[in-house]
Amino acid sequence: MNMVSRRGFIGGAAAGLAVTTLGAFGFGGAEQALAASVRPYKLSRTTETRNTCPYCSVSCGLLVYSLGDHSKNAKASVLHIEGDPDHPINRGTLCPKGAGLLDFVHAETRTKYPMYRKPGSDKLERVSWDWALDRIARLMKDDRDKNFVEKAANGTTVNRWLTTGMLCASASTNETAYITYKWARNMGMLALDNQARI
Amino acid sequence: MTNTWMDLKNADLLIVMGGNPAEAHPCGFKWVIEAKVHRGAKLVVIDPRFTRTASVADFYCPIRQGTDIAFLSGVIKYLLDNDKIQHEYVKNFTNASLLVKENFGFEDGLFTGYDETKRDYDKASWSYQVGDDGYAKVDETLADPRCVINVLREHVKQYTPEFVERITGSPRAKFLKVCEMMAECSSPDKVMNSLYALGWTQHSSGSQNIRTMCIVQMLLGNMGVRGGGMNALRGHSNIQGLTDIGLLSNSMPGYLSLPVEAEATFDQYMSQRQFKPLRPNQMSYWQNYPKFYASLQKGMFGKAATPENNFAYDWLPKLDATYDILKAFELMQDGKMNGYICQGFNPLMSIPDKNKVRASLAKLKFLVTMDPLETETSRFWEDHGEFNPIDPSKVMTEVFQLPVTCFAEDEGSLANSARWLQWHWPAQDPPWESRTDIAIMSGIRSRMLALYEKEGGTFFDPIVNTYWPYLDPNEPTPDEVAREVNGYTLAPIKDPADPTKTIPAGKQLDGFGQLQADGSTLCGCWIYSGQYTEQGNAMARRITADPDSAGIAPNWAFAWPANRRILYNRASADTNGKPWDPERTLIKWNGAKWVGYDVPDYGLTVAPDKGMGPFILTEEGQARLWCRELMRDGPMPTHYEPFESPVVNIAFPKVRGNPAGRVFKDDWLRFGDAKDFPYAGTTYRLTEHFHYWTKHAKINAILQPEFFVEIGEELAKEKGVAKGDWVRVWSKRGSVKAVAVVTKRIKPLICDGKPVHVVGVPIHWGFIGETIMGHGANTLTPFVGDANTNTPEFKAFLVNLERTTAPAVA
Amino acid sequence: MSVLHTDELKRDEQIPRHVHDADRKGRVYVDRYNTTQRINHWITAALFTLLTLSGLSLFHPSLFFLSNLFGGGQDTRAYHPWFGVFLIVSFAMLFVRFVKLNVPNRDDVRWMRKLGNIVQNKHAGLPELGKYNAGQKMVFWGQSALISVMFVSGIVIWDQYFGKYTSIDIKRYALAAHSMAALIAILIIIVHIYAGIWIKGTTRAMIRGSVTGGWAYRHHRKWLRKVALGREEARAGEPGANDPHSPMPGPVSHGPAE
Amino acid sequence: MADYQSLDIIRRSASTEQPPRVRGGQEVAKLIDVSRCIGCKACQAACMEWNDLRQPVQTCQGNYTNPEDLSPSVWTLMRFTEYENPDGNLEWLIRKDGCMHCSDPGCLKACPSPGAIVQYENGIVDFISENCIGCTYCVKGCPFNIPRINPVDRKVYKCTLCVDRVAVGQAPACAKACPTACIMFGTKADMIVQAESRIADLNSRGFDKAGLYNPPGVGGTHVMYVLHHADNPRLYANLPQNPRISPIVALWKGGFKVVGLAGLALAAVGSFFHYVAAGPDETDSNDETVAFDMAHFEDDRNASEGRGNDVRPSH
């Protein structure tokens, strides 16, 4: 009769319950090993580079950690940025802007390729660097040739070019600034300004 | 900044007025907290809003925006009336005793010489009485009513506490409490520090705001000392550097100035740049101008710049007007500007009157943007609904959006607010197809050069003769450029430090002391000389030692000028060369020379009894309580209301705005008045964001996601606005919609008996990036500039406000 | 079932329809539960077992290993409330079926007084009982109440879907109530199961659907009488409409028993 | 995952086994000096950056608290309160909310999953995600309302006190970033000393009730506050006055757990012994016969009754 086996099942369940209950008093021995671990330290083999925060003028020192060790086949990519503890001003601290720099470096909306918009168009189109620089040089030269003022009305030599202007970047380096100055001013450009004005 | 960031910790009283460093410069602000924690210093905040800085202040005093000069003039009056000035300092280190011309005067809000049609002054009367010896006359007893200090006393006499309260809305008791706290710092062992930023500069009287506090600091004897000074907290990482390098419409590197059209010849140009001392025995360091000029022009044109052609003087463009940003957009609007290059700048969001800016850009033939991020400017032609309404098919501008490396990928130096030049190194490869700015500029240059060589063209001598000695002309390395900026010898020169020695040609200069006027030295920016010597790149130094914890760290990077960390540091010692406060020693006279923790801002071996003033750049050798003809809108500060003000100027009811403030003709029509726009608007940064950059960074977008305006509970109640409601804010120039942050931190100011409600408009949102789309704050702001710098008046304008519904998502 | 008959006796088809002759002479079986009821019971029992195992695994660390039966902690946590949902449905059906027969009456009080004897297997002086004794009724009502408590508190702490509707404080009470109710319910079930082991012949009722006549006579004589007289439907929940002793007031119409 | 064994565990959720305790170490703590907090949210940014957390961008709710609340990807949050003090002066009280790393952690107490929550000897309470089963008992156990469940992976998250950084000797990301040193990090003993000097400074500036928030109800915490108004922590966005593990949770996870299981065991064991003692309750042939008779001879019902009366065979 299968009845016995059914009963056996029920009895077994009850016994099992008793055993498990007993287990709760320490007879179980079902403990897992104490295997909890901390997250691995993510910077252990990254490359550390000293840099300066590009935002405000406090000039907080940065330690920029990047993937890759500058070996031939590894493409360096920043994966973490924190304050440089040696820096006399920020001493390792960063404000919310500096602490979020990683997302500026890897922003979705970073410019990726030279883009060009035709007159009247409603979109930017990808172009090559050569094409873009050729075209810009052409436009600038044409404008300069046409509108450069060598002499003022009273005959004074003024050598100025007023129809093309430029705004310079407050976060670019002094070296960039110097090259920019040399290039723009020597062409006679006067409408040359920067954020200090604002 | 005259001092360093760390030096803030040496102050006893820190006045934050015209700034919000906790919010805009948190890591520099730590030194304010250090002063509080370790020195027991007090922090006072004077601001229309209870800011994050105010949240840790010991004392907060509200003030209506645009009335700082009235407030501080009241302070000056209080100090003079109560004799709370540092007498020895004022007498010896400032021009207090110099006599002002008899025909100089001030009446009804105007100084002598005003021409209303030009909105400018004839400044002939704005100078000293000059004796037969060619020097300015003095009255050491300070009794003569024409003594500068007496002229000043007369000028501020109307700013009684009652009058100050009527103008500024600062309660009298709070104003007086601030006066008392400041007055304590007139003692030589107590030092006050002024921290300011765009809260002072972005006004039509911005420069004079700063002047007023300078006067206070001079009266208290706090310039040139540890913990003191005037500390302009600059906004951007290298705004100092760009200004130093001369990227301003009227500048050349090292604060040399471009010739104006009237200076047709080199002699005329130099005659305006003599810097002859106005008192005996003064250094007047600008007398070396010809050396700076010649060395710079060698850097610009190399061999083509010769003594014979006055170092290519004629090739310099000459100014017939100021071509600042506002002017550039005015030209654009008038169709007089064809091409514009934005090298990492976002004018559509940063320049006042956004609607005017957009319309102006649309008149360009071509626009080039070079930026690591997609900017609103590079997409100004794109229709984004109410956030950027435009019809692209009507915009004929060719637009180039060029991808540029960011800080993480480039190398070079940045100048911080304290004038430190710090080198940085790239941490990753340029992503995608981005290139460095230098490569792009050089690339365009090479192409234009080739075109000129092939086709010829208009006057291209300066282009083909540009000094371009770089190994790869298409991408000069930052190292090469930094060496050139520092300067080197082109021919053997005598060593000024030791005339028995000769420095051979081709050597890096040790500093600007070695510059020559004859073309034997080349130096791209004289104030930077010393940054890259024969010893190597000083900007890359990383030595942390800071003797006496003075907050100087002399061997960390390089500070211009001459690695000097605290400007005017000679003034930290008395007339005998003994520090005013031994606890705060910077430099002292040891009997033979000046020694101390910083590089002396003085002749190293000039004894204190020689009568040389501590302010070696000025012709007086002294600091100027009254600044002659050097400011366009007056030698002393005067309270003028902002161009858009909720009240009339009760001091000078006939004057609207700063009489010399910059306004273009059509922009007068775009001013509103208090009848239609009753609330006092102001714009500002928030700590979570940096201008229009961080809205591209997810982390920062999370921290402050959406455009809002801040209003007080009283105004909110009046308008039926609850926290989180949408409101429409509009000025004569445009309208924005924003979420309302209703706060106790903004309270109505009672000005001349009537309440003025402040509406705060933070600036950080646009139509590109990770944040929620928002209207720009610059939709509201007026196109008006400071009289001296042409900086737009972003901090004070008029708006109206009402409850509304959320904007349609574009 | 096929049954052999003796001539003297009534043929199977002649005796009350819920009593059947057994293979063994002189024995009868009495129907107690139909197939639907048994399936319903066992589904409920299975769910209860799953709930017990999964619940206990989260109740005490030493029982956490039980979660492995369900594929680990995450799965246990995810399945447990769903078991509960099925249980509540299944149990509700049981409840509807059996509630009328579980209304307490005076016999229950008398029976309870003799509980001491009962546990010693002494039945002398016990009242004749209907289909359920007081102990069974206590199981029925106890589980009904506790399962309701567990259901309601379970919903409150079912974070995945209902987490946002209540405060943390309410959830704390709910958790305590849930686990307390569960423990009592398990206790009851232990007794319930043991009773099935202890009282021989009982499990047949839920497995085969019938009990021996002797079992019915011994434990539920009043019920047997009614069944034997054909006055009462044997199946629980199908009380004879005309039974004056039935505690149920009115007739309840049900579908066919088999 | 690597196991550096750099931090020893002193407590482990849902575990009866004692972790090894031979080695002792220093307790660490974060001291948050609210009086010098400027609410800049650098701590929030640094936390997101270091821990690779990015909450979806929300909207402005009319205040400065952003994101709106803690979440699985927001482990720390500045909460802003505008408070007008009795003198009529405004105070902007800004508190960095996040896990307090209690010495007696309610989350750990409530957790049913072995090793899902651990406490290291330095005081850090950490969630070990691979062991987390998503039951949210910790949420109910926490007296500070900190842990948050992620609906996607059904795991609970909170501040780890940058255990990965601390393990290699660095300060937590938030503490390192904090521009005004409002967040200090060090040994708990040092932080208490630091707090004392801060309290003295605040007393000198007129904050008589300044004090340290290190609530004894949870055995002290490893994130402590210096408050200007220590007498009324509720001012700071409802910081609990006297936090402790809820008595209900304590009951549920304390005595009840043991008593309950004991009860079950007793019932099971008791039943067994009852069976042994009393034996089964069986029907005898008499009962069967009576029942048979009742079915087949219904008229004789009364006669046959009584035969079944109970004399149980004793086995």
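Chains as they are written, first to last, in this note's numbering: chain S, 12 to 209; chain E, 392 to 1201; chain R, 330 to 587; chain Z, 228 to 542.
Cβ atoms here follow ideal geometry from the backbone N, Cα and C, with glycine treated the same way.
Worksheet item: Taking all protein chains shown into account, do 16 or more other C-beta atoms lie within 10 angstroms of the C-beta of Phe500 of chain Z, making it buried, or fewer, making it exposed?
Response: Reading the fourth sequence from its first residue, position 273 is the one you call residue 500 of chain Z. Result: exposed.
Worksheet item: Since Phe1098 of chain E and His1148 of chain E are thought to touch, with beta carbons under 8 angstroms apart, how far apart are those beta carbons, to the nearest angstrom?
Response: To locate residue 1098 of chain E, count along the second sequence from 1; it is residue 707. To locate residue 1148 of chain E, count along the second sequence from 1; it is residue 757. Phe1098 of chain E to His1148 of chain E, Cβ: 20 angstroms. No contact.
Worksheet entry | Any 3 or more C-beta pairs closer than 8 angstroms across the segment 1015-1025 of chain E and the segment 1120-1128 of chain E | The answer is no - the segment 1120-1128 of chain E does not touch the segment 1015-1025 of chain E, with fewer than three Cβ pairs under 8 angstroms.
Worksheet item: Using a Cβ-Cβ cut-off of 7 angstroms (strictly less than) and excluding sequence neighbours within five positions of Tyr879 of chain E, which residues of its own chain qualify?
Response: Numbered from 1 along the second sequence, position 488 holds the residue referred to as residue 879 of chain E. For Tyr879 of chain E, where only same-chain residues beyond five positions count, the Cβ hits under 7 angstroms are Gly897, Lys898, Gln899, Leu900, Leu913.
Worksheet item: What does a CB cutoff of less than 8 angstroms around Asn954 of chain E pick up in its chain, not counting 5 residues either side in sequence?
Response: Here residue 954 of chain E refers to the residue found at position 563 of the second sequence. Hits under 8 angstroms: Gly921, Ala929, Pro945, Val990.
Worksheet item: At which residues does the beta strand (DSSP E) containing Cys1142 of chain E begin and terminate?
Response: Indexing the second sequence from 1 puts residue 1142 of chain E at position 751. Per DSSP, the unbroken beta strand (DSSP E) holding Cys1142 of chain E starts and ends at 1140-1142.
Item to complete: Could you tell me whether the Cβ atoms of Leu113 of chain S and Ile92 of chain S are closer together than 8 angstroms?
Response: The residue you call residue 113 of chain S lines up with position 102 of the first sequence. The residue you call residue 92 of chain S lines up with position 81 of the first sequence. Contact flag set, yes.
Discussion item. Contact defined as beta carbons within less than 8 angstroms: I believe Leu755 of chain E pairs with Thr788 of chain E. What is the distance between those atoms, to the nearest angstrom?
Written reply: Counting from one through the second sequence, the residue named residue 755 of chain E turns up at place 364. Counting from one through the second sequence, the residue named residue 788 of chain E turns up at place 397. Contact flag correct, Cβ pair sits at about 5 angstroms.
Worksheet entry | Residue-level contact to chain S via CB, Asn729 of chain E, 8 angstroms cutoff | For the purposes of this step, residue 729 of chain E is identified with residue 338 of the second sequence, where counting begins at 1. True, the Cβ-Cβ gap to chain S drops below 8 angstroms.
Practice prompt. Identify, in the order they occur along the chain, each residue of the same chain with its Cβ nearer than 6 angstroms to the Cβ of Ser233 of chain Z, setting aside the five sequence neighbours on each side.
Written response: Start at 1 with the first residue of the fourth sequence, and residue 233 of chain Z comes out as number 6. Only weak support exists for where Ser233 of chain Z lies, its pLDDT of 46 falling under 50; the value from the coordinates is given anyway. Taken in chain order, the residues that qualify are Ala394.
Worksheet item: To the nearest angstrom, how far is it from the Cα of Lys369 of chain E to the Cα of Phe502 of chain E?
Response: Chain E is shown from 392 up to 1201; residue 369 of chain E falls before or after that span and cannot be answered.
Worksheet item: Counting contacts by CB-CB distance shorter than 8 angstroms, is Lys323 of chain Z in contact with chain S?
Response: Counting from 1 along the fourth sequence, the entry for residue 323 of chain Z is found at position 96. No, its Cβ sits nowhere closer than 8 angstroms to a Cβ of chain S.
Worksheet item: How long is the line joining the alpha carbons of Asp499 of chain E and Ala515 of chain E, rounded to whole angstroms?
Response: The residue you call residue 499 of chain E lines up with position 108 of the second sequence. The residue you call residue 515 of chain E lines up with position 124 of the second sequence. Roughly 19 angstroms between the two C-alpha positions.
Fill in: Residues bridged to Arg543 of chain Z [DSSP beta-bridge criterion]
There is no way to answer for residue 543 of chain Z, as the model of chain Z reaches only from 228 to 542.
Fill in: Uninterrupted beta strand (DSSP E) stretches inside the segment 996-1082 of chain E (no shorter than 3 residues)
Entirely contained in the segment 996-1082 of chain E, the beta strand (DSSP E) runs reaching 3 residues are, in chain order, 1070-1075.
Worksheet entry | Residue ranges of each beta strand (DSSP E) within the segment 920-952 of chain E, 3 or longer | The beta strand (DSSP E) runs lying completely inside the segment 920-952 of chain E and spanning 3 residues or more number zero.
Worksheet item: If you measure from the beta carbon of Ala404 of chain Z to each beta carbon in chain S, is any gap under 8 angstroms?
Response: Locating residue 404 of chain Z in the fourth sequence gives position 177, where the first residue counts as 1. So, interface residue.
Item to complete: Answer yes or no: do Tyr66 of chain S and Ser741 of chain E have a C-beta to C-beta separation smaller than 8 angstroms?
Response: The residue labelled residue 66 of chain S in the question sits at position 55 within the first sequence. The residue labelled residue 741 of chain E in the question sits at position 350 within the second sequence. Taking 8 angstroms as the cut-off, the Cβ atoms of Tyr66 of chain S and Ser741 of chain E do not count as close.
Discussion item. Looking at chain E, is there any beta carbon in it that lies within less than 8 angstroms of the beta carbon of Leu150 of chain S?
Written reply: By 1-based counting over the first sequence, the position of residue 150 of chain S is 139. Closer than 8 angstroms: yes.
Practice prompt. Please confirm if Phe399 of chain R has its CB atom under 8 angstroms from at least one CB of chain Z.
Written response: What you label residue 399 of chain R is simply residue 70 of the third sequence in a count that begins at 1. Not one chain Z Cβ lies under 8 angstroms of Phe399 of chain R.
Worksheet entry | Of the residues E:Leu1008, E:Lys718, E:Arg602, the one placed nearest Gly1176 of chain E, counting alpha carbons only | Taking the first residue of the second sequence as 1, we reach residue 1176 of chain E at position 785. For the residues E:Leu1008, E:Lys718, E:Arg602, the minimum Cα distance to Gly1176 of chain E belongs to E:Lys718.
Worksheet item: Got a sec: is the Cβ-Cβ distance from Ile237 of chain Z to anything in chain S below 8 angstroms?
Response: Along the fourth sequence, read from residue 1 onward, the residue named residue 237 of chain Z stands at position 10. Residue contact check for Ile237 of chain Z against chain S: no CB pair falls below 8 angstroms.
Item to complete: Would you kindly work out how many angstroms separate the C-alpha atoms of Tyr546 of chain R and Val366 of chain Z, rounded to a whole number?
Response: Locating residue 546 of chain R in the third sequence gives position 217, where the first residue counts as 1. Locating residue 366 of chain Z in the fourth sequence gives position 139, where the first residue counts as 1. In a straight line, the C-alpha of Tyr546 of chain R is about 55 angstroms away from that of Val366 of chain Z.
Item to complete: Taking Met126 of chain S as part of the beta strand (DSSP E), name the residues at either end of that continuous run.
Response: Your numbering for residue 126 of chain S matches position 115 in the first sequence. Where Met126 of chain S is concerned, the enclosing beta strand (DSSP E) stretches over 126-128.
Worksheet item: Expressed to the nearest angstrom, what Euclidean distance is found between the alpha-carbon atoms of Asn394 of chain E and Leu624 of chain E?
Response: Here residue 394 of chain E refers to the residue found at position 3 when the second sequence is read from its first residue. Here residue 624 of chain E refers to the residue found at position 233 when the second sequence is read from its first residue. Approximately 11 angstroms between the Cα atoms of the pair.
Discussion item. As an exercise, report each continuous alpha helix (DSSP H) stretch of at least 4 residues that is fully enclosed by the segment 1104-1180 of chain E, in chain order.
Written reply: Listed in chain order, the complete alpha helix (DSSP H) runs (minimum 4 residues) inside the segment 1104-1180 of chain E are 1104-1110.
Discussion item. With H, G and I counted as helix, E and B as strand and the rest as coil, what does DSSP make of Thr697 of chain E?
Written reply: As a position in the second sequence, residue 697 of chain E is number 306, starting the count at 1. Thr697 of chain E: coil per DSSP, three-state reduction.
Discussion item. Looking only at its chain, what residues have a beta carbon closer than 7 angstroms to the beta carbon of Ser518 of chain E, apart from the 5 residues adjacent to it on each side?
Written reply: Residue numbering aside, residue 518 of chain E sits at position 127 when the second sequence is read from its first letter. Around Ser518 of chain E: Lys492, Arg1019, Glu1020.
Worksheet entry | Sub-8 angstroms separation of Phe450 of chain E and Val555 of chain E beta-carbons | Here residue 450 of chain E refers to the residue found at position 59 of the second sequence. Here residue 555 of chain E refers to the residue found at position 164 of the second sequence. At a Cβ-Cβ threshold of 8 angstroms, Phe450 of chain E and Val555 of chain E do not count as neighbours.
Worksheet item: If you draw a straight line from the C-alpha of Pro668 of chain E to the C-alpha of Thr827 of chain E, how long is it?
Response: Against the second sequence, residue 668 of chain E aligns to sequence position 277. Against the second sequence, residue 827 of chain E aligns to sequence position 436. Between Pro668 of chain E and Thr827 of chain E, the alpha-carbon positions lie close to 45 angstroms from each other.
Item to complete: Determine the burial state of Asn170 of chain S: buried for a count of at least 16 other Cβ atoms within 10 Å of its Cβ, exposed for fewer.
Response: Within the first sequence, residue 170 of chain S is the residue found at index 159, counting from 1. Buried, by the Cβ-count rule.
Discussion item. Based on DSSP bridge pairs, tell me the residues matched to Pro438 of chain Z.
Written reply: Taking the fourth sequence and counting its residues from 1, one reaches residue 438 of chain Z at position 211. In the sequence under discussion, the amino acid at residue 438 of chain Z is Gly, which differs from the Pro named in the question. The partner list for Gly438 of chain Z (beta bridge, DSSP) reads Z:Leu454.
Discussion item. Between the alpha carbons of His334 of chain R and Ser539 of chain R, how many angstroms are there, rounded?
Written reply: Looking up residue 334 of chain R in the third sequence gives position 5. Looking up residue 539 of chain R in the third sequence gives position 210. Confidence in His334 of chain R is poor, its pLDDT being 42 and thus under 50, which makes the residue's placement unreliable; the coordinate value appears in the next sentence. The alpha-carbon atoms of His334 of chain R and Ser539 of chain R are separated by roughly 19 angstroms.
Worksheet entry | Which listed residue (S:Lys123, S:Pro107, S:Arg146, S:Leu90) has its alpha carbon closest to that of Ala402 of chain Z | As a first step, residue 402 of chain Z must be located in the fourth sequence, where it is residue number 175. That would be S:Pro107, whose Cα lies nearest to the Cα of Ala402 of chain Z.
Discussion item. Along the chain, where does the beta strand (DSSP E) containing Gln456 of chain E start, and where does it finish?
Written reply: On the second sequence, residue 456 of chain E is found 65 positions in, with the first residue counted as 1. From DSSP, Gln456 of chain E is part of no beta strand (DSSP E); its letter is neither H nor E.
Discussion item. What does the alpha-carbon distance come out to for the pair Asp260 of chain Z and Met451 of chain Z?
Written reply: On the fourth sequence, position 33 is the one that residue 260 of chain Z refers to. On the fourth sequence, position 224 is the one that residue 451 of chain Z refers to. Distance between the alpha carbons of Asp260 of chain Z and Met451 of chain Z is about 8 angstroms.
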